[in-house]
Amino acid sequence: MEGTSPVLWQIDARGVARVEFNRPHVNNAYDGALIDGILATLNALSTAAGLRAVVLSGRGRHFQAGADLQWIRQVREQDMAANVRASRMTAEAIRRLGAVSVPTIALVQGACFGGGTGIVAACDVVVAAENAVFSIAEVRWGLTAAIIIPQLSDAIGVRQVRRYAVTGERFDAKEARRIGLVHEVVPPGQLLETGERVVGHVLENGPEAIRETKSITCDGERKPLTAEQFDALIIGHAAKRCSEEAGEGLASFVEKREASWVTHHARRNDAT
Numbered sequence: 001m002e003g004t005s006p007v008l009w010q011i012d013a014r015g016v017a018r019v020e021f022n023r024p025h026v027n028n029a030y031d032g033a034l035i036d037g038i039l040a041t042l043n044a045l046s047t048a049a050g051l052r053a054v055v056l057s058g059r060g061r062h063f064q065a066g067a068d069l070q071w072i073r074q075v076r077e078q079d080m081a082a083n084v085r086a087s088r089m090t091a092e093a094i095r096r097l098g099a100v101s102v103p104t105i106a107l108v109q110g111a112c113f114g115g116g117t118g119i120v121a122a123c124d125v126v127v128a129a130e131n132a133v134f135s136i137a138e139v140r141w142g143l144t145a146a147i148i149i150p151q152l153s154d155a156i157g158v159r160q161v162r163r164y165a166v167t168g169e170r171f172d173a174k175e176a177r178r179i180g181l182v183h184e185v186v187p188p189g190q191l192l193e194t195g196e197r198v199v200g201h202v203l204e205n206g207p208e209a210i211r212e213t214k215s216i217t218c219d220g221e222r223k224p225l226t227a228e229q230f231d232a233l234i235i236g237h238a239a240k241r242c243s244e245e246a247g248e249g250l251a252s253f254v255e256k257r258e259a260s261w262v263t264h265h266a267r268r269n270d271a272t
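By UniProt numbering, the letter at position 85 of the sequence shown is numbered 85, and the numbering carries on one by one without gaps.
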């Protein structure tokens with residue numbers, strides 16, 4: 001696949017779609033254009049004849065390093081309606097990825113942070129290279145992971161979300177497999193080969209049987225959010241982006257310094 005679009009995709013003769021995040025210069029961090037690209041790709045795939053599987057990957061060294069914080073700062077400076085739109089389109093991209101009727105397979109190398117963890121949580125099969133590193137890092141910048149919490153709760157359980165979404169700490173591929181975010185861990189050089197093996201298994205099975213099985217499985221997961229609950233997550237996500245705390249967190253990123261609350265925490269530790 002070649003091109004300058006932030007999301008590249010193609011379907012081979014077997015009906016296997018290859019979708020690739022194409023912002024390697026910023027570690028495939030998402031901005032409005034990348035989210036639009038995901039939504040446009042999902043629209044195209046939803047009407048593609050003979051689709052059998054979707055394989056997601058990231059161009060370059062990293063899978064998807066969460067939000068582009070420069071873009072987040074730009075959105076934050078706009079009005080609340082613009083912030084809600086940004087949160088809604090991001091939430092819709094993750095929700096629609098989880099609703100794709102054919103198997104979705106994520107191949108993860110390098111960084112998989114923030115929204116990247118939501119993407120893999122929404123996929124059916126996740127294969128990670130040994131060099132993959134994960135985090136649900138929004139709280140580090142005074143933001144929340146609200147719009148991907150449902151997918152993460154389904155993938156790794158509320159108990160693990162309660163740890164990793166509040167600590168923001170990084171964890172390796174081995175830990176990601178232990179908690180259920182990843183199904184298989186392989187050497188980096190075997191990532192594509194392993195993904196192809198998974199695709200091969202999928203193609204050995206009845207397409208309609210797979211669709212029905214996936215539908216039944218998804219219906220048996222956590223009770224779907226109501227429209228009101230979904231809207232509340234989106235509005236809360238947008239409001240937190242506009243908060244003073246988020247402003248400080250994002251400023252600390254740009255200025256390459258610790259946020260004010262890190263300094264306060266250190267002072268408390270020094271006093272004990």
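Note that beta-carbon positions come from the ideal geometry of N, C-alpha and C, so glycine has one too.
| Query | Result |
| --- | --- |
| Fully enclosed by the stretch 176–207, which beta strand (DSSP E) runs are 3 residues long or longer? | 184–186 |
| Find out if the Cβ-Cβ distance for the pair Leu97, Ala122 is shorter than 8 Å. | yes |
| Under three-state DSSP, which class holds Glu212? | helix |
| Would you say Gln70 and Phe21 are within 8 Å of each other, going by their C-beta atoms? | no |
| In whole angstroms, what separates the C-alpha of Gly200 from that of Val54? | 12 Å |
| With respect to the alpha helix (DSSP H) encompassing residue 279, which residues constitute its N-terminal and C-terminal limits? | In the structure as shown, the chain starts at 1 and stops at 272, and residue 279 therefore has no counterpart that could be examined. |
| Measure from the alpha carbon of Arg162 to the alpha carbon of each residue in Asp79, Pro150 and Thr104, then state which is nearest. | Pro150 |
| So, at 6 Å on beta carbons, what are the nonlocal neighbours of Ala238 in its own chain, with the 5 sequence-adjacent residues on each side left out? | Asn83, Val84 and Ser87 |
| Have a look at Ala173 and Val120 and give me their C-alpha separation to the nearest angstrom. | 13 Å |
| Closest to Pro260 by C-alpha separation, out of Phe253, Glu248 and Val254, would be which residue? | For the record, residue 260 in the displayed sequence is Ser; it is not Pro. The shortest C-alpha separation from Ser260 is found at Glu248. |
| When we look at the beta-carbon of Ile38 and count the other beta-carbons within 10 Å, is it buried (16 or more) or exposed? | buried |
| Return the CA-CA distance between Thr217 and Ile147, expressed in angstroms with no decimal places. | 22 Å |
| Short of 6 Å in beta carbon distance, which residues of its chain neighbour Arg267, apart from the five on each side in sequence? Order them along the chain. | For Arg267, the predicted structure reports a pLDDT of 44, less than 50, and the residue's modelled location is therefore unreliable. A value from the coordinates is still provided. Counting only Cβ-Cβ distances below 6 Å, and skipping sequence neighbours, we find nothing. |
| What are the complete alpha helix (DSSP H) segments, minimum 4 residues, inside the stretch 214–245? | 227–241 |
| Can you give the Cα-Cα distance for Glu244 and Lys214, rounded to whole angstroms? | 42 Å |
| As a quick exercise: from Val158, Asp154, Glu175 and Arg159, pick the residue whose alpha carbon is nearest that of Ser135. | Glu175 |
| Buried or exposed: which applies to Lys240, given that a residue is buried once 16 or more other Cβ atoms fall within 10 Å of its Cβ? | buried |
| Quick one: give me the first and last residue of the beta strand (DSSP E) that Glu20 is part of. | Val16 to Phe21 |
| Within 10 Å of its beta-carbon, does Thr226 have 16 or more other beta-carbons around it, so buried, or fewer, so exposed? | exposed |
| The alpha helix (DSSP H) with Ile119 in it runs from where to where? | Gly115 to Ala122 |
| At the level of alpha carbons, what is the spacing between Ala91 and Gly118? | 10 Å |
| If you follow the alpha helix (DSSP H) that Thr104 is part of, which residue opens it and which one closes it? | Thr104 -> not in any alpha helix (DSSP H); beta strand (DSSP E) instead, spanning Thr104 to Val108. |
| Using C-beta distances below 8 Å, list every residue in its chain close to Ala40, excluding the 5 sequence neighbours before and after it, in chain order. | Val7 |
| If you follow the alpha helix (DSSP H) that Val166 is part of, which residue opens it and which one closes it? | Ile149 to Thr167 |
| Looking at the strands, I want to know which residues DSSP matches up with Trp9. | Val19 |
| Within 10 angstroms of its Cβ, does Arg197 collect 16 or more other Cβ (buried), or is it exposed? | exposed |
| Kindly indicate which three-state DSSP category Val100 falls into: helix, strand or coil? | coil |
| So what's Gln64 in DSSP terms, helix, strand or just coil? | strand |
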